Every structure is written in structure tokens, then in C-alpha cells.
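Protein chains: 2
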Amino acid sequence: MPAYRSGSGDPARTLALLWREPGFGQSARGPKQGLSVDRVVDAAITLADTAGLDGLSMRSVARAVDVSTMALYTYVPGKAELVDLMLDAVYLRMERLPVDRQSWRSRLTAIAEQNRALFDMHPWIADVSTARPPLGPGLMAKYEYELSAFNGLGLDDVAIDDALTYLLTFVQAAARAAISTRASQLDSTMSDEQWWAANAPLLARVFDSTAYPTAARVGTAAGAAHGSAYHPDHAYQFGLARVLDGLAALIGGQQASAGR
Amino acid sequence: MPAYRSGSGDPARTLALLWREPGFGQSARGPKQGLSVDRVVDAAITLADTAGLDGLSMRSVARAVDVSTMALYTYVPGKAELVDLMLDAVYLRMERLPVDRQSWRSRLTAIAEQNRALFDMHPWIADVSTARPPLGPGLMAKYEYELSAFNGLGLDDVAIDDALTYLLTFVQAAARAAISTRASQLDSTMSDEQWWAANAPLLARVFDSTAYPTAARVGTAAGAAHGSAYHPDHAYQFGLARVLDGLAALIGGQQASAGR
DNA sequence: CAGTACTCTGTACGTCGTACAACGTAGACG
DNA sequence: CGTCTACGTTGTACGACGTACAGAGTACTG
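Going line by line, the protein sequences match chains A and B.
Numbering follows numbering that gives the first Met the number 0, with no gaps: position 27 of the first sequence is 26.
Numbering follows numbering that gives the first Met the number 0, with no gaps: position 67 of the second sequence is 66.
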């Protein structure tokens with residue numbers, strides 16, 4: 000199915016599931032259900048945390064909760080909706096510390112950090128597109144909380160939404176880069192350093208450094224600075240500083256910090 | 000295979016392919032090859048442009064170039080390496096207009112626009128992680144060109160690389176959002192507006208707007224501002240302005256533009 | 001006590017990437 | 001000139017995936 004997109008199922012059914020409305024899995028007639036939506040979703044989250052969304056199969060979820068594969072389809076309409084439920088569930092469980100009293104920079108930094116931690120715990124989230132987000136209690140709580148970090152900055156509501164989207168988009172992009180760096184290491188038995196080391200001599204044979212002088216110079220400098228490999232942590236720190244400086248210009252008043 | 004990552008094959012073989020080094024598909028003995036790597040790569044790009052990387056199968060490529068599926072494996076070690084070749088090929092074909100003389104803001108805006116156009120023509124690129132990029136002539140030319148936009152800004156080489164990575168990461172993230180928005184529309188027979196319209200009354204039943212006052216207010220305002228739907232163009236414009244303002248703080252001297 | 005609405009199961013279909021063995025071809029060598 | 005051999009190409013096969021469908025069993029409703 001890949002290209003995981005939330006919000007692809009029937010809205011009514013999906014919303015009812017997200018808010019755990021009764022009325023779909025609890026008729027009087029027939030045998031009682033042996034499981035619950037929550038059990039299924041929890042098992043799926045655990046599996047996805049280690050195997051990713053592609054490694055997560057309906058068969059593996061069924062095995063984890065000890066039913067036949069097709070029994071899952073009485074709890075959840077399909078894999079797409081299951082992913083919606085997983086996403087809203089982890090949103091709901093996010094830590095939401097009070098963010099008042101600090102500077103807006105530290106408030107937004109905290110929001111970014113919390114989201115970064117979420118991607119760290121649940122890397123599969125980075126693969127879910129939320130063009131149509133799961134409109135469940137988790138997303139609502141998360142949205143409400145994160146918006147509150149923008150209080151008192153003199154931004155209008157539309158700008159607040161834009162700014163939050165911008166911040167979260169950055170964190171997701173940084174997380175994706177970090178995750179795929181990690182994934183490359185894991186399934187190639189070659190570290191990034193080894194990979195670059197393996198490529199360097201071969202590349203030297205075909206690569207004419209007079210044809211690409213800037214690339215050769217900058218690439219070498221960047222490679223030396225963080226050990227011949229893309230460094231996700233550094234990219235996140237650099238990027239977050241830029242994001243905050245960019246928002247500072249929007250917010251006004253505050254001075255942008257230079258530095259790296 | 001999903002979770003497309005470049006640079007996952009044998010470095011020597013992949014590099015030889017990227018630079019089209021002779022020595023792999025041209026021994027004297029036996030029948031001549033009926034195709035070329037380029038023909039295969041071109042066919043694959045054409046298919047991926049309309050069907051995406053998941054819709055691109057070795058079988059469909061083979062059909063397009065009129066050979067059996069397995070014949071492809073004499074040109075290319077597997078799908079992963081094929082994607083590497085596709086990526087480097089489209090990089091190589093990018094337009095590279097001279098960027099001198101203008102302000103750095105318009106130079107970086109041009110880089111961003113060119114990459115945005117690339118994602119628009121080849122949406123599948125947004126699905127490829129480049130933690131280990133295809134070290135071919137296309138990437139080299141692109142990197143060389145894009146670095147040149149940072150000339151004369153007083154940044155050191157490491158900062159230039161960081162800044163470019165930051166800019167490109169933003170464009171990719173914005174492109175992903177735009178692409179998945181488009182994809183949602185395409186395969187659900189429901190426009191974003193219709194989707195939100197379908198959800199709104201149902202959501203009203205379960206959603207307690209006193210529990211999430213800020214979310215209700217801001218969500219309503221944002222929805223009204225761009226028609227109840229996520230608006231990728233607006234997010235890109237807003238984000239790019241922020242990215243440039245953020246880099247302005249790093250570069251110094253120039254004044255950041257406020258405004259939306 | 002029959003009827004019925006439900007849960008759960010196993011089988012089956014069409015998709016994918018690619019391993020493998022068989023077949024045919026054309027240059028290299030005696 | 002004939003034979004050998006390396007290689008291109010082909011078809012078949014395997015195990016994965018999501019899920020449609022038919023059947024079996026269960027427990028409440030009338």
C-alpha cells in the first residue's frame with residue numbers, strides 16, 4: 000500500500016473509531032469481541048516502533064494479539080485506518096508540560112524537542128503524511144497545546160497556524176533525515192563513515208575536481224567537520240536556530256541570534 | 000521494498016553505473032545487449048513521473064522497453080540502484096541558469112524554485128532519502144551550482160553546506176506536503192474541501208470546543224483563510240520567507256523582511 | 001426454540017522484487 | 001571451420017503483502 004496517508008477512509012467510520020464512539024463493535028447479537036480497538040492499536044504501535052510501517056503487516060499484528068489475520072478487520076476497516084488510530088494514540092500520549100513564563104524561543108524550542116522525541120520513539124510517524132490529519136482527541140490536544148506556545152506574541156490566528164505548521168514541518172524533515180541516516184547504517188552493515196570511505200577512492204577515479212571546484216572544497220570541509228558523514232543532530236540544531244531566527248523577524252521586537 | 004534509500008547497493012558497482020563506466024555490460028563474448036542503461040533509466044523515470052515509486056515496478060519498466068522483466072537485471076543490479084540512477088539523471092538535466100549579479104535573497108529563491116519545479120515534475124524524488132546520495136555527475140553538477148549561490152556572503156565552507164542543506168530540506172518538506180495533498184485528492188474522489196465538509200458535522204458531535212478553545216478558534220481562522228484545506232502553496236511561500244529571514248540573521252548585514 | 005446478526009477462521013487472488021535454471025547466440029581459440 | 005564458453009534473455013517459482021469472500025460457530029432476540 001505504501002505512501003501512508005492518514006484520513007483516507009470513510010470519514011464517519013474513521014471519526015467514530017478515533018473518538019471511540021460506541022455503535023460499531025458492540026451489538027448484542029453474536030459472540031462478544033475478544034479484543035478491543037485499543038489492544039490492536041497498541042500492538043501495532045509496538046510493532047511499528049521497531050519494524051517501521053512497512054514492516055508492520057496485518058498478519059504480524061494479528062499474531063501479536065493472537066487472532067487470525069482477518070479477525071482484525073472486525074476492529075478496524077483496514078491498514079490505513081489502523082495507522083490513523085496509531086497516530087492519534089501516540090499524539091494523545093505526548094507529554095504536555097506547561098510552557099508559560101519562559102521566553103517564546105524556549106517555548107518553541109520545547110515544542111520542537113517534544114516532537115523530535117516523538118519521532119525518536121516512533122520513527123514510523125515520519126512516514127505518515129498528514130495532509131488530512133486524524134481528527135481525533137490526540138491531534139486536538141496536541142494542536143491546542145502547541146498553539147498555546149504562540150500566545151502573547153502579537154500574531155493573528157492565521158499567522159499562528161502558519162508558524163506552527165512551519166515549525167512542525169521543519170522538525171519532521173529533520174527527523175526524516177535522522178531516521179533514514181540511522182536506517183542506512185542498520186541494514187547495510189556499513190557505517191556512514193565506512194560508506195564514504197568505500198566511495199572516496201572510487202569517486203576519485205571518475206570525479207574531476209577541477210570541473211567541480213566549489214563542490215570539492217565545500218564537500219571536503221563539510222566532511223571533515225562532521226566526520227565524512229551527514230550529521231543529523233547538527234542539521235537539526237543548525238536548522239532550529241534558523242527557524243527561530245526566521246520567526247523572530249515575523250514576530251518582531253526580539254533580536255535574532257547569530258551564531259551556529 | 001519501500002522506504003526508498005539511495006546508496007544502498009555495492010558502492011563500486013553503483014559508482015561505475017552512475018558515471019557510465021564501461022566494463023560491466025560490454026564483454027566481447029555472447030550477444031550484444033539490446034538496450035542501454037539510459038534507455039532503462041529513461042523509461043523508469045517516465046513511469047515514475049505518473050505512477051510514483053511504488054507504482055514503478057520492474058515488470059512495468061520491462062514492458063515499457065519491451066524485454067522480459069529479468070532482462071533488466073543485466074543492466075541494473077536491482078530496483079534500488081535503478082532509483083539511484085533515475086535520481087542522478089534528473090539532477091543532471093536540471094536547468095542551471097547563471098545566478099550572479101542578483102541579491103543573495105533572489106539567488107537562494109531561484110535555487111528553491113528550481114528544486115520546487117523538480118519535485119513538481121518528478122514527485123517521486125520526494126520519497127527518496129538521500130542520506131547516502133547517488134554520487135554521480137548529476138548530483139555533482141547540482142551541488143556545484145547550488146553552492147555558487149552562496150558565494151561572497153562571508154560564510155565559511157561548513158556554514159555554506161549547512162545553509163544549503165537547510166534550504167533544500169525545507170523545499171523537500173514543502174514539496175512532500177504539496178504532493179501528498181494532491182495525492183489525497185486524486186485517489187479519494189473527494190476534494191480537500193469536500194473532505195473537511197464531510198468531517199465538520201461529524202466532528203461537531205464529538206468535539207467539545209470548550210475543551211480546546213484555542214484549537215477551535217485558530218483552526219476556524221486558518222480554515223477560513225485558505226478554504227478549509229491545507230494550502231501547500233501558501234505554506235511554501237510563508238516558509239521560504241522564514242527560511243530566508245533565518246539565513247539573513249546568519250549572514251548578517253542584510254535586514255530581514257517582515258511581512259507575510 | 002427457531003432465527004438472525006455477529007465474530008472469527010482459512011483459503012484465495014493479484015501484486016511485488018528477484019533467485020534460479022534453461023536456452024540461444026556470437027566471438028575466441030584450436 | 002568447428003567447438004567451446006561466456007554472456008544475454010527468458011519463464012518459472014517463492015515468499016511477502018493487503019484484503020475479498022465463504023463458511024463455521026455463538027449468543028441474544030422474538
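Glycine included, each C-beta is placed from N, C-alpha and C at the ideal position.
The model shown is predicted, which means the values in this text are computed figures rather than measured ones.
Bridge-paired residues (DSSP) for residue i
i       : result
A/Arg-4 : A/Ser-128
Opening and closing residue of the alpha helix (DSSP H) in which residue i lies
i         : result
B/Tyr-144 : 136–147
A/Met-69  : First-last for A/Met-69: undefined, no H or E at that position.
A/Ser-26  : From DSSP, A/Ser-26 is part of no alpha helix (DSSP H); its letter is neither H nor E.
B/Arg-241 : 231–250
B/Pro-10  : 10–17
Listed by chain order, chain A residues near residue i by CB distance under 7 Å
i         : result
B/Gln-171 : Ala-172
B/Leu-154 : In chain order: nothing, as chain A lies at least about 10 Å away.
B/Leu-107 : Going along chain A, no residue has its Cβ under 7 Å from B/Leu-107, so there is no contact; the nearest lies around 12 Å.
B/Ala-224 : Val-157
Chain B contact residues for residue i, given Cβ-Cβ distances below 8 Å
i         : result
A/Pro-10  : Trp-194, Ala-197, Asn-198, Leu-201
A/Lys-211 : The question names Lys, yet the displayed sequence has Tyr at residue 211 of chain A. Near A/Tyr-211 (Cβ distances below 8 Å), the residues of chain B are Met-139, Ala-140, Tyr-142, Glu-143.
A/Val-284 : The first residue shown for chain A is 0 and the last is 259, placing residue 284 of chain A beyond what the model contains.
A/Ala-111 : Near A/Ala-111 there are no residues of chain B at all, since even the closest Cβ is about 14 Å away, more than 8 Å.
Where residue i meets chain A, residues with beta-carbon distance less than 8 Å
i         : result
B/Tyr-165 : Ala-234, Phe-237, Gly-238, Arg-241
B/Pro-21  : Result: empty, since nearest Cβ-Cβ is about 12 Å, beyond 8 Å.
B/Ala-176 : Ser-128, Ala-130, Thr-168
B/Ser-190 : Neighbours of B/Ser-190 on chain A: none; closest Cβ ~11 Å, over 8 Å.
B/Leu-46  : Residues of chain A passing the Cβ test: none, with the nearest at roughly 16 Å.
B/Ala-214 : Met-139, Tyr-142, Glu-143, Leu-146
heavy atom of the ligand GDP below 8 Å from residue i C-beta
i         : result
B/Tyr-211 : The model on display carries no ligand, and the ligand GDP is accordingly not part of it.
Chain-ordered chain B contacts of residue i [CB-CB under 9 Å]
i         : result
A/Gly-6   : Ser-183, Ser-187, Trp-194, Asn-198
A/Ala-221 : Asp-156, Val-157, Ile-159, Asp-160, Asp-161, Thr-164
Contacts that residue i makes with chain B (C-beta to C-beta distance below 7 Å)
i         : result
A/Tyr-229 : Ala-130
A/Arg-159 : First, the residue type needs correcting, since residue 159 of chain A is Ile and not Arg in the sequence shown. Near A/Ile-159 (Cβ distances below 7 Å), the residues of chain B are Val-217.
A/Gly-33  : Within 7 Å Cβ-Cβ: nothing; A/Gly-33 doesn't reach chain B, min ~26 Å.
A/Pro-1   : Pro-1, Asp-53
A/Leu-246 : Arg-241
9 Å Cβ cut-off: residues of chain A touching residue i
i         : result
B/Ala-43  : Going along chain A, no residue has its Cβ under 9 Å from B/Ala-43, so there is no contact; the nearest lies around 17 Å.
B/Asp-119 : The premise fails here: B/Asp-119 is roughly 16 Å from chain A at the closest Cβ pair, so nothing lies under 9 Å.
B/Leu-71  : Near B/Leu-71 there are no residues of chain A at all, since even the closest Cβ is about 21 Å away, more than 9 Å.
B/Thr-180 : Ser-128, Ala-130, Arg-131
Residues of the region 123–134 of chain A with a CB closer than 7 Å to any CB of chain B: list them in chain order, please. Ser-128, Ala-130, Arg-131, Leu-134
Quick one: complete alpha helix (DSSP H) runs, 4+ long, within the region 186–211 of chain B? 191–205
Quick one: which residues of the region 79–102 of chain A get their C-beta closer than 9 Å to a C-beta of chain B? List them in chain order. none
List in chain order: all unbroken alpha helix (DSSP H) runs of 4+ residues lying wholly within the region 39–94 of chain B. 57–64, 78–91
List, from N- to C-terminal side, the alpha helix (DSSP H) runs of 4 residues or more that fit wholly inside the region 149–186 of chain A. 156–185
Inside the region 98–127 of chain A only - alpha helix (DSSP H) runs reaching at least 4 residues: 103–120
Interface residues of the region 51–69 of chain A facing chain B [CB-CB below 8 Å]: Gly-51, Asp-53
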